[in-house]
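Worksheet for the structure shown next.
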Amino acid sequence: MIKLRGVSLTYPNGTRALDDVDLEIEKGSFVFLVGHSGTGKSSLLKLMYREEVPTHGEVQVDGIRVDTLRRSRVPKLRRNIGVVFQDFKLLSHKTVWENVAFALQVTGTRTRDVMRMVPRALDLVGLSHKSRMFPSELSGGEQQRAAIARALVGNPKLLLCDEPTGNLDPSNTTEIMELLQRINLKGTTVVVATHNQAVVDRMRRRVVRLEHGRILHDDERGYYFRGLGQTAVLP
Amino acid sequence: MDWGRLRFFLSEVLTNFTRNAGMQFTAIGTVAVTIVLLGAFLYVRDTIQTFGTGVLSQIEIAVYLKDGVDDVKAQELASRLASDPRVLSATYVSKAAGLRRMQDALGHDFDTSLLTSNPLPNTYHVKVKDPDTVPAVAATIARDPLVAKTDYAADTVQKLLKVATILGRAGIVLIALLYVSAAIVIANTIRLTVFARRREIAIMQLVGATNMYIRLPFIAEGMLAGILGATLAIGVLALADTQIVPKLSQTLQFVTFQVNAPLLSLELLGVGAAVGLIASWLSVGRYLRT
Numbered sequence: 531m532i533k534l535r536g537v538s539l540t541y542p543n544g545t546r547a548l549d550d551v552d553l554e555i556e557k558g559s560f561v562f563l564v565g566h567s568g569t570g571k572s573s574l575l576k577l578m579y580r581e582e583v584p585t586h587g588e589v590q591v592d593g594i595r596v597d598t599l600r601r602s603r604v605p606k607l608r609r610n611i612g613v614v615f616q617d618f619k620l621l622s623h624k625t626v627w628e629n630v631a632f633a634l635q636v637t638g639t640r641t642r643d644v645m646r647m648v649p650r651a652l653d654l655v656g657l658s659h660k661s662r663m664f665p666s667e668l669s670g671g672e673q674q675r676a677a678i679a680r681a682l683v684g685n686p687k688l689l690l691c692d693e694p695t696g697n698l699d700p701s702n703t704t705e706i707m708e709l710l711q712r713i714n715l716k717g718t719t720v721v722v723a724t725h726n727q728a729v730v731d732r733m734r735r736r737v738v739r740l741e742h743g744r745i746l747h748d749d750e751r752g753y754y755f756r757g758l759g760q761t762a763v764l765p
Numbered sequence: 004m005d006w007g008r009l010r011f012f013l014s015e016v017l018t019n020f021t022r023n024a025g026m027q028f029t030a031i032g033t034v035a036v037t038i039v040l041l042g043a044f045l046y047v048r049d050t051i052q053t054f055g056t057g058v059l060s061q062i063e064i065a066v067y068l069k070d071g072v073d074d075v076k077a078q079e080l081a082s083r084l085a086s087d088p089r090v091l092s093a094t095y096v097s098k099a100a101g102l103r104r105m106q107d108a109l110g111h112d113f114d115t116s117l118l119t120s121n122p123l124p125n126t127y128h129v130k131v132k133d134p135d136t137v138p139a140v141a142a143t144i145a146r147d148p149l150v151a152k153t154d155y156a157a158d159t160v161q162k163l164l165k166v167a168t169i170l171g172r173a174g175i176v177l178i179a180l181l182y183v184s185a186a187i188v189i190a191n192t193i194r195l196t197v198f199a200r201r202r203e204i205a206i207m208q209l210v211g212a213t214n215m216y217i218r219l220p221f222i223a224e225g226m227l228a229g230i231l232g233a234t235l236a237i238g239v240l241a242l243a244d245t246q247i248v249p250k251l252s253q254t255l256q257f258v259t260f261q262v263n264a265p266l267l268s269l270e271l272l273g274v275g276a277a278v279g280l281i282a283s284w285l286s287v288g289r290y291l292r293t
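Here the protein sequences come in this chain order: C and V. Following this note's numbering, the residues of the first sequence are numbered contiguously, the last one being 765. Following this note's numbering, the residues of the second sequence are numbered contiguously, the last one being 293.
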């Protein structure tokens, strides 16, 4: 699904975000990107949905060379990728329904299809009963579920989550992670950047650890800290 | 485009428009002011042009015949004048007729009994088709053997023509400046809307909306501001047309105030829409590129 080869990213201000990263993510897999803030997790995600272009190296998503993609082709790429953020990025003056429908409407989807697809996405995240509410009337977890519904409404093959539980309490965090797992079981590739140790250690999925813009380790069924379980006491 | 999509688009435009109401009013007001000025200018220019061409079309060349040429001989010249394609008409006024005319015009102030002979020459009054050709036609006629002298309001004609040209050029510059100033205000308004909606734009880009799609509501918004401004301006101009112009034409009776109102209104609407379109296009374009 995703292939990065020798990818480096240096921002215009000179900050080296990524340094010679090689990474492959299989179709249908669930991957955690972990590491302290500023180690390049978000940058890695941004390369995948072409918010950033690598300074060196190749980025391939679903068989498409993203790094050399023409600007006019970017919208089409993005329609195949759902992105979820820590701050939800919902539009406060639109209801849940309108927020989810927005993603379809602005990409020119026929009204008939919008009416069919939005309820399905809301049903998936369990928000059908709150579709007429505004984001300010929802809890943090519900807002994130609305954002996930928006990311998924167009049936993307890939879901990228940048600190999806960063603003949530533990019970909402669990809820969201269970939702992401369910989405993954339906065949969507899910990549989650997080520094929530508890979440990573409980789920036991593939863990890619970044440090200073490089991949430090990459384990199947890994832990947040290599070789340490949930019981590990942080120094 | 199905009805639902159209409704979504229009509701997006309208929410943007009303959300930025304060700034939109400023933009509409500025467009209205510039278009009122533009309209007034076009109005004045049209009036002067109508007046000028009216005056020019009335200008005659007076052709004074030599002393020995009698009424019969004068007919020869009439046929020569008629064969000149630039000439519209030539009216013969004989010595006697000329004197009578003068008497009629001056009435009691003019005592013909004091004259021992008629001092007036036989004359042709020549009108031309194109006012620009007056000097050339006059020169041609002056070379005729029967003609003693030609005369026309040379300076007046040339000055009027010159004024018309200068006014036309100054007008183009003025209009261009007015367009630019209106465009700047709309562009700034749209920039504010774009800024207010940067979250929406970011989300649109994230979910894969094309730049054209993102641009469209802003362009519609700019055009709406332009058209509303123009409509307001046309209202003001129409009011001026019915309230002020009748009073003006009482004072300036020799000037005909006449303008093609529907056409002018359509032009001004077009200007408003175009200015809004161009301004918003550039404004959003700059944002999307960065």
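Virtual Cβ for every residue (Gly too), placed ideally from N, Cα, C.
Kindly list, in the order they appear in chain C, the residues whose Cβ is closer than 8 Å to that of residue i.
i	result
residue 355 of chain V	Lying outside 4 to 293, the shown extent of chain V, residue 355 of chain V is not represented and no answer is given.
residue 133 of chain V	Simply none; closest approach about 55 Å.
How close, in whole Å, do the beta carbons of residue i and residue j come, if the pair is a contact with beta carbons under 8 Å?
i	j	result
residue 232 of chain V	residue 38 of chain V	6 Å
residue 681 of chain C	residue 626 of chain C	Between residue 626 of chain C and residue 681 of chain C the Cβ distance is about 14 Å, and since that is not below 8 Å, they are no contact.
residue 185 of chain V	residue 33 of chain V	6 Å
residue 235 of chain V	residue 35 of chain V	4 Å
residue 686 of chain C	residue 212 of chain V	Their Cβ separation, rounded to whole angstroms, is 15 Å, which puts residue 686 of chain C and residue 212 of chain V out of contact at 8 Å.
residue 684 of chain C	residue 609 of chain C	6 Å
residue 204 of chain V	residue 197 of chain V	7 Å
residue 632 of chain C	residue 624 of chain C	6 Å
residue 69 of chain V	residue 151 of chain V	5 Å
residue 657 of chain C	residue 667 of chain C	12 Å between Cβ atoms; not a contact.
residue 5 of chain V	residue 641 of chain C	5 Å
residue 127 of chain V	residue 155 of chain V	Their Cβ separation, rounded to whole angstroms, is 12 Å, which puts residue 127 of chain V and residue 155 of chain V out of contact at 8 Å.
What residues of chain V sit near residue i, judged by a beta carbon separation below 9 Å?
i	result
residue 665 of chain C	The premise fails here: residue 665 of chain C is roughly 12 Å from chain V at the closest Cβ pair, so nothing lies under 9 Å.
residue 625 of chain C	None at all; the shortest Cβ gap to chain V is about 13 Å.
residue 613 of chain C	209 and 210
Got a sec? Which residues, its chain only, sit under 6 Å from residue i by beta carbon, not counting five neighbours each side?
i	result
residue 533 of chain C	554 and 590
residue 765 of chain C	Interpretation of residue 765 of chain C is limited by its pLDDT of 47, a score under 50 that renders its predicted location unreliable; the figure taken from the coordinates is listed afterwards. Excluding positions up to five away in sequence, the list is empty.
residue 283 of chain V	193, 221, 222 and 225
residue 206 of chain V	none
residue 140 of chain V	89 and 131
residue 747 of chain C	739 and 756
residue 596 of chain C	580 and 589
Residues of chain D with a CB under 8 Å from the CB of residue i: which are they?
i	result
residue 197 of chain V	The structure shown contains no chain D; the protein chains it does contain are C and V.
Determine which residues share a DSSP beta bridge with residue i and list them.
i	result
residue 615 of chain C	C:692
residue 747 of chain C	C:739
residue 224 of chain V	Answer by DSSP bridge pairing: none, since residue 224 of chain V is not bridged.
residue 154 of chain V	V:65
residue 755 of chain C	DSSP, once it has assigned bridges, lists no residue as partnering residue 755 of chain C.
residue 253 of chain V	Beta-bridge pairing links residue 253 of chain V to no other residue.
residue 595 of chain C	C:590
residue 533 of chain C	C:554 and C:590
Keeping to the same chain, check which residues put their C-beta closer than 7 Å to that of residue i; ignore five residues upstream and five downstream.
i	result
residue 538 of chain C	548, 549, 550, 584, 585, 586 and 587
residue 729 of chain C	695, 703 and 707
residue 693 of chain C	616, 723 and 724
residue 582 of chain C	539, 573 and 576
Is residue i a contact residue of the ligand ADP, with contact defined as CB to any heavy atom under 7 Å?
i	result
residue 275 of chain V	The model on display carries no ligand, and the ligand ADP is accordingly not part of it.
With H, G and I counted as helix, E and B as strand and the rest as coil, what does DSSP make of residue i?
i	result
residue 764 of chain C	Model confidence at residue 764 of chain C stands at a pLDDT of 49, short of 50, so the residue's coordinates are unreliable; what they give is reported in the following sentence. DSSP places residue 764 of chain C in coil when its eight states are reduced to three.
residue 18 of chain V	helix
residue 95 of chain V	strand
residue 562 of chain C	strand
residue 582 of chain C	coil
residue 540 of chain C	strand
residue 623 of chain C	coil
residue 8 of chain V	helix
residue 547 of chain C	strand
residue 212 of chain V	coil
residue 687 of chain C	coil
residue 556 of chain C	coil
residue 72 of chain V	coil
residue 722 of chain C	strand
residue 129 of chain V	strand
residue 636 of chain C	coil
By the criterion of Cβ-Cβ separation under 7 Å, what are the contact partners of residue i in chain V?
i	result
residue 636 of chain C	207, 210, 212 and 216
residue 606 of chain C	211
Which same chain residues end up closer than 8 Å to residue i when comparing Cβ atoms and leaving out the 5 residues on each side of it in sequence?
i	result
residue 123 of chain V	98, 101, 102 and 105
residue 745 of chain C	551, 552, 553, 738 and 739
residue 736 of chain C	559, 560, 561, 562, 748, 749, 750, 751 and 752
Given that residue i touches chain C, what residues does it touch there, using C-beta distances under 9 Å?
i	result
residue 7 of chain V	635, 640, 641, 642, 644 and 645
Give me the chain C residues within the contact set of residue i, using Cβ-Cβ distance strictly less than 7 Å, ordered along the chain.
i	result
residue 3 of chain V	As displayed, chain V neither begins before 4 nor continues past 293, which places residue 3 of chain V out of reach and without an answer.
For a contact meaning CB atoms closer than 8 Å, what does residue i contact in chain V?
i	result
residue 660 of chain C	Under the 8 Å cutoff, chain V gives no residues; its nearest Cβ is about 20 Å from residue 660 of chain C.
residue 675 of chain C	Going along chain V, no residue has its Cβ under 8 Å from residue 675 of chain C, so there is no contact; the nearest lies around 17 Å.
residue 609 of chain C	210 and 211
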